[in-house]
Structures are given as C-alpha cells and as structure tokens.
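So the sequence lines, in the order shown, correspond to chains A and B.
First residue of the first sequence: 29, per the numbering used here; consecutive thereafter.
First residue of the second sequence: 29, per the numbering used here; consecutive thereafter.
Backbone N, C-alpha and C fix where the C-beta goes; we use that ideal spot for every residue, glycine too.
Worksheet: the structure to be examined is printed underneath.
2 protein chains.
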Amino acid sequence: MSALDKLFCPKSIAVIGASKNPKKIGYELVSNILAGGYEGRLYPVNPEGADVMGLKSYTSVKLIPGEVDLAVIAVPAVYVPDTLEECGQKGVKALIVISSGFREVGNTDLEDKLLSIVRKYGMRMLGPNIFGLYYAPSRMNATFGLSRVFPGSIAFVTQSGALGIAMMGWTNLYHIGVSAVVSMGNKADIEESDMLDYFTGDDRTKAVLMYIEGAKDGRRLIDSLKRTTLKKPVVVLKAGRTEKGASAAASHTGSLAGSDKIYEAAFRQSGALRALDLAQAFDWVKLMTMQPPPSNKNCLIITNGGGVGVMAADACEESGITIWPLPEDLQSEFKKLMPVFGNFRNPVDLTGQAYEESYYRSVELALKDNQIGSVIVLYCQTAITDPVAIAKSIVDAYESQRYDKTVVTSFVGGPQCEEAMRKLDERNIPAYPIPERAVSALAAYYQWQRYRQRIGKK
Amino acid sequence: MSALDKLFCPKSIAVIGASKNPKKIGYELVSNILAGGYEGRLYPVNPEGADVMGLKSYTSVKLIPGEVDLAVIAVPAVYVPDTLEECGQKGVKALIVISSGFREVGNTDLEDKLLSIVRKYGMRMLGPNIFGLYYAPSRMNATFGLSRVFPGSIAFVTQSGALGIAMMGWTNLYHIGVSAVVSMGNKADIEESDMLDYFTGDDRTKAVLMYIEGAKDGRRLIDSLKRTTLKKPVVVLKAGRTEKGASAAASHTGSLAGSDKIYEAAFRQSGALRALDLAQAFDWVKLMTMQPPPSNKNCLIITNGGGVGVMAADACEESGITIWPLPEDLQSEFKKLMPVFGNFRNPVDLTGQAYEESYYRSVELALKDNQIGSVIVLYCQTAITDPVAIAKSIVDAYESQRYDKTVVTSFVGGPQCEEAMRKLDERNIPAYPIPERAVSALAAYYQWQRYRQRIGKK
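Written out as structure tokens, the structure is:
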C-alpha cells in the first residue's frame, strides 16, 4: 500500500492537538471522525495526555502502542516541524496538516522545513492550512467541517477551504453524494495532480470536481488531467478568470491565477470540462455519476409544454446538442400517444393533457430506439396531472429494461414537482428545476464524449 | 373605469361553461375563483342551469340579475361566437376566453368572428386558447391552473400556458410572489402591449416578467416597453433564439420568432432586460421587487470565504459591475473587524472566523458610506458559525436605519443556509444559493439603471 492509500484508507489515525474544548479545532476533528463512523483505531494526542471524548490519549505520537497510518495535525505552526519529526520516527505514512501560519502568511522557510522532514521519512502530506479530508468508503471525516456528509461517488478537490466546508453542506441539501472532499491548502507536498492520479484508480469515484485558483505545476496538472479524463469526467471550476478575480485570488491563496486563456486551452487540451459556477459544476457531475454517457449524438426532447420545449431546443442548439429530426415511422408512433394538437416532431409535445401512460409509452419508445443516444424529458405542472405519478411512470419505463442512453429530466412547478424530482434523483435519473440546467449537464457529457472519441482515434 | 380595469378588478364574474364535473375546466375555474378568496359576485352559467359548488346557476348570461363585469368562457369553440353576442347584449365589459380551437389549429375565420363581436360591443378579450388570469389585489384566480398562488408584486405575462401554470407552482416553491399571472394565448384582441400599459399604471406591480415567442406588432411592443421601463423594470424571456428553437416555437404557438438579432436590438433600445432562462428571470425580478436600485456604481463585496469572494469578483467584472477600490480610511475601519489574515480590500474577507458581530458591523459600515451604491454579502457555511444567526445580524444591520443602497446576499452551504436565506428573503433582502446568481441579479438592476440615466439625459 502506498502512502496515499494510507491517507485515504488508514487502519489507525492519531489526532495530534486533540482537545477536550468544544471550541477548538482539535475537538472538532475527533468529534467528526467519531460521528462519521470511522471503524479503525483512533488515538488523541495532546501535551497533557488528557482523554478526549472518552478516548485514551497520549502525550506523544511515539508513545502510541501499535502502528499509526495517518496523523492529523492541529497544533500551532511553530510546533509542527517537531511533530512531523516524531511522526517520521514513529513510522507514520500519511499526514494531514490542518495548522495554518505557513506560506500563506509569508512563512515559506517554515513550510520548506515541513517538506524536508516529510521527504526524509518518505511520508506524504496534505496541507498545511486546510480543513482536512473526508473519504466516504473509509467513513472517515477527518475535517473540522460539517459532521454530516452525504456519501456518493463525486470526488471534490478544493483549494478554497470555506467553499469545501460549504459544499459538505450542499451534499445534504441537494442529496448529491461525494466519495471524497479534499482540502488542498498550501499544497506543500500533495498537489491536485496527486489527487487526480489517486481518483483515476479509485472505483468508488465516478467523477472529479475540482476548484482551483492556480496550479503549482501546470505541465504536471495537464498530464494528470489527461490520464484521468480517459477514464472519468473531470469538472473544473477555475476562479480568477478576470483581472479583479485574479487579484482577489492572489490575496486569498497567493495564487498567480495566470492568463485565463492558458488555463482554458489547457483544460480543453486535456479533456477537462470547465464549469462557470458551482451550481453548474454540481449539475454536471450529478448527471455523470448517475447516467452512462450518450451512446450517439442524436437527442430527443419529450415535453408536455410547448414553451419549455422551445427553451430546451434553444439551449440544445446553443450548446451543440443535435436535436434529431425524427424519421416518419417514429413520428407516427409518437402521434398515437398524443391529442391531435400535439407535436410529433422533435421536441415531441404530448401537450398538457399527457398523463402517466403517455409519458411511460413515450419514454419507452425513445429508449428502445437505437438511433437515439440521449433523451430529455420535460414536465410542466398542470392542474389535472400529478407530477409524482408522472415521475414514477418515467422511472418505470426507464427500469423496465437495460438501456445505454443518457436520460435527463426537468420538472417545472411547485412543491410537488420538487418531490417528483427527488424521486427521480433517488432512482439515478437526474432531475433539474429548469430545462436549461438539464441541457447544460447533457452538453457537458457530450463534450467529454467527443473528447474521448477524438483521443481514441489518434 | 376602462374595460381593462373590469378585467383585473371585476365586481362580478360569470363563468360560462361552469360544470359540476371535477374533471372539467369549467369546474376548475369556479373552484379556483372560490379558493382564491374572490369577494365579488360569482355566477355559474351552463345549459342545464345546474348549481355548481353550491352557487345558483343560470342557463344564459343574459338571465343573470344585476351587472356582469367579466365573463370567463370555457365552452366548445363553435359556441363561443354566440356566447360573446350574449355577453355583448348583457353589457359585459371584459372577456377571458379559455376555449381553444381557433387560430392555433387553423380556424382563423372563427377567431376573426370573435374579434368582430368584441369590437362591435366595445368589449376587451383576453385569449382565446389560454388558462386564464390571476390578479392578487382582487384575490381573483380565474384560471384552470393551480389553486394556490403566492401573492406579491411581480406581474408575469406568458405566451406559454404550461409555463404559466408551472410558474404558479414556483411562486409557492420559492416564495417569490406575483401580482398577476396573465395567459396571452392567441392574442386576438389583448396583446402584450396592453398588459404592459396596464401594469405601468398598476401600483401593486413593481416589475414585469414576460415570456414571449413572437410579437404580433413589434413597433407597438417597443413603444409600450419604452413607457413601462421608464417606471419599472421589465424582464423578458424570448424563446426561439436559435433555428431549432424558432422552429419549435412555430409549431407551438404559430409564432414567427423572427430574427433574434432584431428582438435583441429592440429590447436593448427599449430598456427591457433579457434573461436567458426562467431561473435567471425570477432571480432578477426577485431583487427588483425587494430592493431599491443601486444609488451609484460602486459595489462592495463582503465575504467570510476567499473562494466565493473570487467567484463573485469574476462574475462582477464579467457583467460590468464596478468593484470599488476601497479608500484607505475605509480599509482601516474594515481591518478592525477581522483577524490579521483577513483581507480589508474589496472583496473584504472577514475569514471563516467571522461571527454575527463582524457581519453586523461590516454591513453597517458599508451601508453608512455614501460612496457605496450596492453591497454583495456572501457567507460560506463553517462548523463554528451559525448561518441563521449571521443572517439575522445582516437583517439587523440593514434595518437599523433607512438606506437607499441595493443589498444582495448568497449563503453557500447546507440546510441551515437554506433556512438563513428564507429569513433574509422574508425581510426583503434577496438571498441566492450561489454568488453568481446574486451578481447576475445586481448586474441586471445596474443595466436598467444605466438605461434610465441615458434616457434621462436625452
């Protein structure tokens, strides 16, 4: 097992700087590790050797009986080098250095010192100046962020600590699950590239979402991105796009945001998908962890409302999705499922009189046809139809057989639509409150698909 | 009182085609009018004279004792001309023709016939082929849409019926209140221009949101838009931007979507704000009905998370909002409210250690300075601070005096952030789940402001 494996899947963890005081980060860390359900051994370490939350404590990591795979360190910056020395002597493999007060405040010498100790002992270090690491498969919440995180298959790698903690909250609010949340901080040792390499080989991660303000080693980042995007989608949020943003980034993480055009080109070249904001990034990875990529370029839109059909068609055309002109035989099949004033061309408009049966049969028809690679199913709330029942009919049609198409949905309306969308999400059919967000996610998936086809042909 | 006043504020309504059968539109209409709390007189009319929901019914509108201001008509298309004749003879002033089967299916002669009857008697007609009209000040839900609508001050005018009904649901889901929901349908008589003129003079409407696929009379629309935008913001969703979208619009409402560039120019020329999707449109009008427009171009960003500060700075620069370089005296005031590793330039970063007090005093400082025209307050959830308490401190600072600045907020995090944002919204401080949405709304407000300043100078 590599040191990175020990970072993500440690059999034992020492929390150095563990505290009984609920206002201290050293308390929060122990409390979150316990609350997360971590099943390995957990050793608090503090100068007094005072027990923390009922756990026996030690005055030094070196006094812990048995091996320590991972040390989580939250002591004042000046004590960190000695602490790392002790960890090295103890044979600790991986380090999470929460402490701040290094390069981000100008203490580059102190940070260099950490790195040389880490190298000397062949350890790997995440941080310093981070909120920690969450990894769902190990049930390990080694962070001072939120105690509850919704587990899933998105790995979230973030250079902004506050954003990372807030995102832990989003996973609960929007039920979008993460396999990992990684706070990058000063990146003295471990960089985004290491994390990408790790998640490329991690079966529990289906997509990577990365927030960066600036890369330490651009060339290495591109190489790692290229390896990862061959296997799974990577969605990137690169802040500091503008002059004002870049200057804010410089004060924030000291990142030289660099020319945005260079990043833009690097992402395109390496198959990474650049989202413009957080909501978009989450929308995209939600689809990518729930559905297979489109099997071909032809997309079909099914709707009960003309207006949202037009909006979706606009969004598709603007984002390069092919609205497939339906052949006549399919047109006549769809015609049977709608009133005379329906529209059996693409977008297929079942009209406001479409009940469960029309949706079930339309979705089934679309899924069965191999000429269609992706389906966008739209619903506008009406007084006479039940959004939750319509959602169920879509789920039933989808689950009646195995299909390899990409399905996205959007339900526009009141609280019942929200309930309907939750039911779709729960069955891995991603639902969005407006058609454009569904289209945007599908367009990103198509973009990744085209990149892979291009690479495959080389 | 004009016929349009009778349409929005009738003292009495006849529902022609009222039915006892809960599956009929004629039932839904009576039921919604009653459920909405309409306080005028309500007369069901149907061939059998059968009572509907306990209300005495009539076999003809002409047999109703007393005046009828408004007739809501839901009878088969072929019977509509005779019904209108009877309405004219009775002295009805305003008509809502729900019935479909006219121009939208090629029956242009029948629709022309309606119009000539309407003209003969000096009536005004909304429709045909619509789901109805909701007007909050009259507590009148004369629609077959949803029975519950959240009242407020946005007038929503829509050419898409399904979208209009779904939007009635959104008002409940997102607590964004509407003064009116108007279904335009075939626009045989009343067009968007009439509605704009009406809402321009309507004190209960602070902003207009319009979904159109195509205008009947572009010149008239521009003139009406110009009059309205002098007084209140108009946000336009014009679908059919692209070739595919325009072709979908043609099958949907028969609209010739026209060249999108022409519409784009027309909106810009007349001060209308074009939103790209529904969510954006609602985000904008939410701000515009809650807050006054910015008092000057200088914008200040306050945050507890560097990352969201950078994102907001990017979005501001991209949308033409001036991130005001703080003068030194203000910098030193802000410096007192944050730890040493905070950032007292703009974006002002209070850091993750910012509690209620820091937020209260920072917001107060920003609001008191006349050089600042707008404030963006951001919060990222942390383990040690309480989003709801922070929201309260922002509300307290905001309400401690009367300020004429525009304030927008964004709280990024879990369910407690959602609760915090609800509290802000309730006090008319608009809150958005991501910084970019707050910035987008503020940018639209600035755009309207700049238009008015330009016009004022002419």
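For S127(A), which three-state DSSP category applies? coil
Indicate whether the contact test is met: 3 or more Cβ pairs, each with one atom in the segment 327-344 of chain B and one in the segment 368-376 of chain B, closer than 8 Å. yes
Using CA atoms only, rank isn't needed, just tell me which of K148(B), T136(B), E132(B) is closest to C12(B). Since the first residue of chain B shown is 29 and the last is 486, residue 12(B) is not available in this structure.
Euclidean distance between Cα positions of N332(A) and R465(B): 28 Å
Partners in chain A for T270(B), counting only beta-carbon separations shorter than 9 Å: Those within 9 Å of T270(B) in chain A are A341, D342, A343, C344, E345, E346.
Burial state of E454(B), where buried means 16 or more other Cβ atoms lie within 10 Å: exposed
Three or more C-beta pairs under 8 Å: does that hold for the segment 392-409 of chain B against the segment 287-298 of chain A? no
Assign R232(B) to one of three DSSP states: helix, strand, or coil. coil
With DSSP run on the structure shown, which of helix, strand or coil describes T171(B)? strand
Could you please tell me which residues of the segment 399-426 of chain A, in chain order, have their CB closer than 8 Å to any CB of chain B? Under the 8 Å Cβ criterion, the segment 399-426 of chain A contributes C408, Q409, T410, A411, I412.
In three-state DSSP terms, what is Y149(B)? In the three-state scheme derived from DSSP, where H, G and I count as helix and E and B as strand, Y149(B) is classed as coil.
Residues near L161(A) in its chain [Cβ-Cβ closer than 8 Å; skip 5 each side]: Answer for L161(A): L35, F36, I124, L154, M168, A170, T171, A208, V209, V210, S211, listed in chain order.
Expressed to the nearest angstrom, what Euclidean distance is found between the alpha-carbon atoms of I330(B) and G192(A)? Take the alpha-carbon of I330(B) and the one of G192(A): they are about 19 Å apart.
Minimum length 3: unbroken beta strand (DSSP E) runs contained in the segment 259-325 of chain B: The qualifying runs are 262-266.
Can you name, in chain order, every residue of its own chain whose Cβ lies under 8 Å from the Cβ of V416(A), other than the five neighbours on each side? Q444, E447, A448, K451
Tell me whether F372(B) sits in a helix, a strand or coil according to DSSP, three-state version. Here F372(B) sits in coil by DSSP.
Proximity below 8 Å, CB of M490(A) to CB of V262(A): No information on residue 490(A) is available, as it lies outside the stretch 29 to 486 that chain A covers here.
Proximity test, Cβ basis, 8 Å: G334(B) and chain A: yes
Since F172(A) meets chain B, which of its residues come closer than 9 Å, beta carbon to beta carbon? T410, A411, I412
Closer than 9 Å, Cβ to any Cβ of chain B: which residues of the segment 188-201 of chain A, in chain order? Cβ proximity to chain B below 9 Å picks out S188, G189, A190, L191, G192, I193, A194, M195, M196, G197, W198, T199, N200, L201 from the segment 188-201 of chain A.
Taking CB distances under 8 Å as the criterion, tell me whether R131(B) reaches chain A. So, not an interface residue.
Inspect the beta-carbon positions of I101(B) and T111(B) and report whether they are closer than 8 Å. yes
Could you tell me whether the Cβ of Y239(A) comes closer than 8 Å to any Cβ of chain B? Yes, because at least one Cβ of chain B sits closer than 8 Å to the Cβ of Y239(A).
Find the residues of chain A that neighbour V209(B), judging by a C-beta separation of less than 9 Å, and give them in chain order. Neighbours of V209(B) on chain A: none; closest Cβ ~13 Å, over 9 Å.
Measure the CB-CB distance between L315(B) and L470(B) and report whether it falls below 8 Å. yes
CA-to-CA distance, S438(A) to S360(A), given in whole angstroms: 25 Å
Does S279(B) come within less than 8 Å of chain A when only Cβ atoms are used? yes
Interfacial residues, the segment 429-453 of chain B to chain A, with Cβ spacing under 7 Å: V440, G441, G442, P443, C445, E446
When G65(B), K39(B), G370(B), H203(B) are compared against N456(B), the one with the closest alpha-carbon: H203(B)
Quick check on DSSP: helix, strand or coil for K486(A)? Note that K486(A) scores 47 on pLDDT, short of 50, meaning its location in the model is unreliable and no value can be drawn from it.
What does V338(B) touch in chain A if you count any residue whose Cβ is under 7 Å from its own? E241, A267, G268, G273, A276, A277, H280
Selection from P355(B), G242(B), D231(B), T256(B) that minimises the alpha carbon distance to I266(B): The question names Ile, but residue 266(B) in the sequence shown is Lys. The shortest C-alpha separation from K266(B) is found at G242(B).
Beta-carbon spacing of I404(A), V436(A) below 8 Å: yes
Are D225(A) and V146(A) closer than 8 Å when you measure CB to CB? no
Of all the CB atoms in chain A, is at least one closer than 8 Å to the CB of P375(B)? yes
Could you give the residue range of the alpha helix (DSSP H) that holds S390(B)? 384-396
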